[in-house]
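In what follows, a single structure is set out as structure tokens and then discussed.
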Amino acid sequence: MIETLDDLTVEGTTVGVRVDVNSPIDDDGTLADDARLRAHVDTLAELLDRGGRVAVLAHQGRPGGDDFVSLESHADRLAELLGQPVDYVDATFTEAAREAVRDLSNGDCVVLENTRFYSEEYMEFDPERAARTHLVEGLEPVLDAYVNDAFAAAHRSQPSLVGLPTVLPGYAGRVMETELDVLGSIEETSEPRVYVLGGAKVSDSIDVAWSVLEKGLADHILTAGVVGNVFLVADGVDLGDASSDFIYDQGYWDEIDRAADLLDAYGDRIALPRDVAVDRGEDRHELGVNALPPGDGEAAMDIGESTLDYYRRILADAETVILNGPAGVFEDDRFQTGTRRLYEAATDIPTSIVGGGDTAAALRRLGVDGFSHVSTGGGAALRMLTAESLPAVTALENAPQRPAADD
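First residue of the sequence shown? That's 1 in the UniProt record's numbering, and the numbers climb one at a time after it.
Below, the structure is given as structure tokens:
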């Protein structure tokens with residue numbers, strides 16, 4: 001069982017709070033989108049309002065990427081969102097970081113530096129080994145408790161995610177608590193249950209499809225995006241060289257075979273695109289999948305009108321829909337139609353759950369909302385839907401004895 005903030009004595013407690021605020025970054029190094037910061041405001045505000053001393057841990061980007069920057073602008077934006085000062089220190093576990101944490105008073109908050117500035121945090125460890133890293137050994141002496149609110153990173157096994165709750169009392173923040181409650185109870189949602197699997201995470205999507213079909217959790221699976229193209233190729237459709245080359249260049253050979261096996265086993269429950277939109281003369285042009293010109297033709301960039309009508313008819317009978325991945329290249333205005341209209345149709349269903357990551361970003365860009373739940377995590381959400389354990393969640397389950405709760 002995982003304890004939550006309801007179980008934590010907060011006042012006067014110094015709490016290390018792991019969040020996931022990994023965000024798009026502008027050319028000047030500042031935040032381009034604060035959605036992930038806003039997701040954690042409830043957890044942080046509650047801890048501060050209850051008299052906690054909060055040290056925020058987070059990562060931003062990956063080494064070598066343009067978004068691999070410090071968390072100073074994140075701290076500035078958090079201060080605006082929380083309506084109170086938020087300090088920032090350009091250290092994570094050194095004496096400078098420990099001093100900043102020791103100097104906190106009740107209700108104060110400090111953002112420590114990007115955890116991935118240190119090589120240990122970019123490696124995966126088992127919890128016991130993670131507990132012996134410099135990051136954990138440096139921070140443990142100045143922290144009384146640990147809160148993990150970083151569901152989007154929960155499928156990772158890095159020191160700030162699994163090492164700290166090995167040596168400190170561990171709790172789920174409000175984001176983590178909600179995600180586990182919603183995604184952990186998919187089997188309790190009403191039927192018929194439809195999964196919409198799109199985007200380019202083909203292997204993960206096929207894992208989800210196998211899992212939910214074998215367990216009887218899905219009445220239908222609707223495919224789109226690169227996932228849909230892979231299933232079309234597996235079904236013997238000639239998509240032309242442009243789309244096929246992309247699939248092969250991405251190393252999806254094995255996924256075609258896996259998709260073919262799925263179609264053999266559950267083909268009556270897997271819906272494939274009937275038409276696609278291509279870029280022809282800088283215009284959107286729709287073609288039936290069996291009418292695509294062979295050879296060096298245009299790439300499939302979106303699902304077409306016939307597919308949308310087909311999918312909407314299936315969705316009209318659904319009580320629950322779980323969506324992950326866009327239907328096409330939504331970044332191009334000409335190919336937003338499939339994603340927007342498919343997801344808009346899903347908002348009319350009683351229970352509509354959106355896998356996070358790129359999907360949530362696409363919906364923000366397209367201005368589509370009204371879902372029952374939009375997850376903050378992409379990979380973590382997909383793993384939960386296949387009933388796989390999440391290392392960071394397991395670490396919370398195994399955290400040491402907690403202090404008594406507030407009266």
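Beta carbons: idealized from backbone N, C-alpha and C, even for Gly. Note that the coordinates shown come from a computational prediction; the quantities given were computed from them, not determined experimentally.
- About 16 Å separates the beta carbon of residue 48 from that of residue 58, a gap too long to meet the 8 Å contact definition.
- Judged by DSSP in its simplified three-state form, residue 74 adopts helix.
- For residue 213, the closest alpha carbon among the candidates 270, 231, 157 is that of 270.
- Apart from sequence neighbours up to five positions away, the residues of its chain that approach residue 228 with a beta-carbon distance below 6 Å are 273, ordered along the chain.
- For a cut-off of 8 Å, the C-beta gap from residue 199 to residue 359 is around 7 Å, short enough to register as a contact.
- With contacts defined by Cβ atoms closer than 9 Å, residue 361 and residue 33 form a contacting pair.
- The beta-carbon distance between residue 234 and residue 218, rounded to whole angstroms, is 18 Å. This is too long to meet the 8 Å contact definition.
- Contact between the stretch 293 to 310 and the stretch 232 to 249 is present, with at least three C-beta pairs closer than 8 Å.
- Around the beta carbon of residue 369, a 10 Å sphere encloses fewer than 16 other beta carbons of the protein chains shown; the residue is thus reported as exposed.
- In this structure, the alpha-carbon of residue 290 lies about 36 Å from that of residue 187.
- Around the C-beta of residue 277, 16 or more other C-beta atoms lie within 10 Å, and the residue is accordingly described as buried.
- For residue 352, the three-state secondary structure derived from DSSP is strand.
- Minimum Cα-Cα distance from residue 96 among the listed residues 365, 110, 348 corresponds to 110.
- Residue 112 has its alpha-carbon roughly 7 Å from the corresponding atom of residue 90.
- When C-beta atoms of the stretch 115 to 131 are compared with those of the stretch 144 to 153, fewer than three pairs fall below 8 Å, so the two segments do not count as touching.
- The beta carbon of residue 256 lies closer than 8 Å to those of 230, 233, 234, 247 in the same chain, with the five residues before and after it left out.
- The DSSP-derived three-state label of residue 197 is strand.
- DSSP, read as helix, strand or coil, puts residue 268 in helix.
- Taken in chain order, the complete beta strand (DSSP E) segments of 3 or more residues contained in the stretch 327 to 394 are 351 to 354.
- Selection 2, 119, 11 evaluated against residue 64 yields 119 as nearest (Cα-Cα).
- Judged by pairs of C-beta atoms under 8 Å, the stretch 15 to 33 does not touch the stretch 191 to 208, as fewer than three such pairs exist.
- In this structure, residue 301 places its C-beta atom within 9 Å of the C-beta atom of residue 335.
- If you ignore the 5 residues before and after residue 252, its C-beta comes within less than 7 Å of the C-beta of 202, 230, all in its own chain and listed in chain order.
- If one requires a minimum length of 4 residues, the alpha helix (DSSP H) runs lying completely within the stretch 211 to 262 are 225 to 234, 241 to 249, in chain order.
- Here DSSP, grouped into helix, strand and coil, assigns residue 303 to strand.
- For residue 55, the enclosing beta strand (DSSP E) starts and ends at 53 to 57.
- The beta-bridge partner set that DSSP reports for residue 40 is empty.
- Residue environment for residue 401: exposed (fewer than 16 other C-beta atoms within 10 angstroms of its C-beta).
- Cβ-Cβ distances below 7 Å link residue 79 to 85, 86 in the same chain, with the five nearest sequence neighbours on each side left out; the list follows chain order.
- By the Cβ-count criterion, residue 173 is buried, with 16 or more other Cβ atoms from all chains shown falling within 10 Å of its own Cβ.
- When DSSP reads this structure, residue 110 sits in a beta bridge with 55, 87.
- The C-alpha of residue 1 lies about 30 Å from the C-alpha of residue 206.
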